[in-house]
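The block underneath contains the structure these notes are about, expressed in structure tokens.
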Amino acid sequence: MRWQNIKLKEEYCIYKTKNCESQTVPLINLLIEKLKQYPYSLESEWVFPEQREIVDI
């Protein structure tokens, strides 16, 4: 999940499907609150960066 895909004010997330169509997914309140508390890092575009090799799925 990338920070650029998360729209906290609008309470949704946007993903690209395998056939390159945009899909909008609503965020539940618990996730919104957790993401607001989660540290945003300029070092990574990923919300949950991994130390190992990153694979975009």
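In full-length UniProt numbering, the protein residues as written are 1 to 57.
Note that beta-carbon positions come from the ideal geometry of N, C-alpha and C, so glycine has one too.
Decide if the region 16-28 is in contact with the region 38-48; the criterion is three or more beta carbon pairs, one per stretch, under 8 Å apart.
Contact between the region 16-28 and the region 38-48 is absent: fewer than 3 CB-CB pairs across the two stretches fall below 8 Å.
Can you tell me where the alpha helix (DSSP H) holding residue 14 begins and where it ends?
That residue, residue 14, is in no alpha helix (DSSP H); its beta strand (DSSP E) goes 12-16.
Check whether the Cβ atoms of residue 142 and residue 15 sit closer than 7 Å, and answer yes or no.
As displayed, the chain neither begins before 1 nor continues past 57, which places residue 142 out of reach and without an answer.
Given this structure, state the Cα-to-Cα distance separating residue 7 from residue 50, to the nearest angstrom.
Each residue's Cα considered, the two are about 22 Å apart.
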